[in-house]
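Residue numbers (the numbering used here): 4 to 367.
Idealized CB from N, CA, C, for every residue including glycine.
Below is one structure, written out as structure tokens; comments come after it.
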Amino acid sequence: MLKNEKNFYKNKSATETIIAERNTLNEHINEIQSELSSLQKEGSYIGDIIQHTSNDKILIRINTDGKFIVNASNKIKKSSLMTGSRVAIKSDTYLVYKTLPQKIDPLISLMRIENIPNSTYKSIGGLDFQIEQLKEVVELPIKFPEIFETLGVSQPKGVLLYGPPGTGKTLLARAVAHHSDCTFIRISGSELVQKYIGEGSRMVRDIFSMAKNHAPSIIFMDEIDSIGSSRGNGGNISGDSEVQRTMLELLNQLDGFDGNKKVKVLMATNRIDVLDPALIRPGRIDRKIRVPNPNTEGRISILKIHLEKIKVQSGIDLWEIAKNLQGATGADIKSVCMEAGIFAIKSSRVILIKEDFSFAIAKL
């Protein structure tokens, strides 16, 4: 009896093992059949809608094959088939059966910094006038577009921030994006200078396309002088020719997009004198805001911001420190606070004293 019971459990265990192996093999078979089915399906073309024709026909463009007039599947909403939309087309019947998202270069997607930057106006010192100027042409139109519609006034499209390096131009752009609840898209002008013909122009188109898809948004173009310099009279067809093509595409995009679509363009430069007049004319750049080095009151304000979380000996005269920082930018003042902290650490102290700032200013 005991022997039969042992054989029973042994056979049961073997049966369970076989069933488990069978289930595993069935899963592999299903996966292979699914892959085989996918491989046997007809491929699809990708095209762009050019326009709608009569009788619900659509004129599309397929890059390799040219233009075709085709039908659309009844499963697609007609409202989604807009001019410029990307669609999938069956290779055998040329039937439009699916809409696709706009093609965006992965490099362009990486330029999208933050949905809403965490910088605020309180983190900016000595630039109260510049903040008010930005509020008028960026924050106000995005938050209250109905005011401009009521007055019948066109909304500003672009703003140019110019001034010495380190004065807070990027910080201003991030702060206005934060208070406007905007997607912040930052791109350096030098990134648009590409090796191959047409690459820079395509990137500009992709940037504006992405900004429209993520509206409300702010496009911040830093170092705009790298592509926006004045064009020479000579017919140079090498070297700067691709840079000029990129700038011409930028001019085209500035003319083509509607300022009422909650997309604003901010540009920054240290060299406004070299910019092409066609780029900074009204209608493209509607306001030019100078961001200078801070005055004494501005330097005190910046010192207070940077020393807010730093342990400082009571009684330190910030006015005297600010006077000794004559001509310093906001970035210089931040560097002084950092160097003062390093001197305090080297002296085995956990609090900053007047001598730390004196050493830091001397090093600057």
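- Note that the segment 286–300 touches the segment 163–172; at least 3 beta-carbon pairs, one per stretch, sit closer than 8 Å.
- The three-state secondary structure of lysine 312, taken from DSSP, is coil.
- The beta strand (DSSP E) runs lying completely inside the segment 54–100 and spanning 3 residues or more are 61–65, 69–73, 89–93, given in chain order.
- The C-alpha of lysine 15 lies about 21 Å from the C-alpha of asparagine 29.
- Residue state for aspartate 279 is assigned as coil, using DSSP reduced to three classes.
- Counting C-beta atoms within 10 angstroms of its own C-beta, leucine 367 has fewer than 16 neighbours from the protein chains shown and is therefore classed as exposed.
- Under the 10 Å beta carbon count, proline 144 is surrounded by 16 or more other beta carbons and is classified as buried.
- For the pair alanine 331 and lysine 357, the Cα-to-Cα distance works out to about 18 Å.
- Considering only Asn298, Val141, Lys337, the residue with the shortest C-alpha distance to glutamate 311 is Lys337.
- Per DSSP, threonine 170 is not a residue of any beta strand (DSSP E), being assigned neither H nor E.
- Nearest to aspartate 51 by alpha-carbon distance, out of Glu24, Ile79, Gln105, Leu254, is Gln105.
- When Leu269, Asp258, Ala91 are compared, the shortest CA-CA separation from asparagine 66 is found for Ala91.
- Within the segment 123–188, complete alpha helix (DSSP H) segments of at least 4 residues are found at 131–137, 143–146, 148–154, 172–182, given in chain order.
- A distance of 7 Å or more separates the beta carbons of glutamate 139 and histidine 182.
- If you draw a straight line from the Cα of leucine 251 to the Cα of aspartate 59, it is about 36 Å long.
- Glycine 333 carries a helical assignment under DSSP once its states are collapsed to helix, strand and coil.
- Between serine 37 and histidine 31, the alpha-carbon positions lie close to 10 Å from each other.
- Just so you know, the alpha carbons of aspartate 225 and threonine 27 end up roughly 57 Å apart.
- Around the CB of threonine 272, 16 or more other CB atoms lie within 10 Å, so the residue is classed as buried.
- The DSSP-derived three-state label of leucine 355 is strand.
- Taken atom to atom, the span from the alpha-carbon of isoleucine 21 to that of leucine 98 is near 48 Å.
- Ranking Ser212, Arg274, Glu202, Asp131 by CA distance to the CA of glutamine 247 puts Glu202 first.
- The C-alpha of valine 353 lies about 39 Å from the C-alpha of leucine 137.
- Each residue's CA atom was taken as its position, placing isoleucine 190 and glutamate 24 some 56 Å apart.
- Threonine 153 is classed as exposed because its beta carbon has fewer than 16 other beta carbons within 10 Å across all chains shown.
- Annotation for lysine 265: no beta strand (DSSP E) segment contains it, and DSSP assigns it neither H nor E.
- Glycine 192 counts as buried, since at least 16 other C-beta atoms from the protein chains shown sit within 10 angstroms of its C-beta.
- In the DSSP annotation of this structure, the continuous segment of the beta strand (DSSP E) that includes aspartate 225 starts and ends at 220–225.
- Contact check for arginine 287 and proline 159: beta-carbon distance about 10 Å, past the 8 Å limit, so the pair fails to qualify.
- Counting only the Cα atoms, aspartate 320 lies some 13 Å from aspartate 359.
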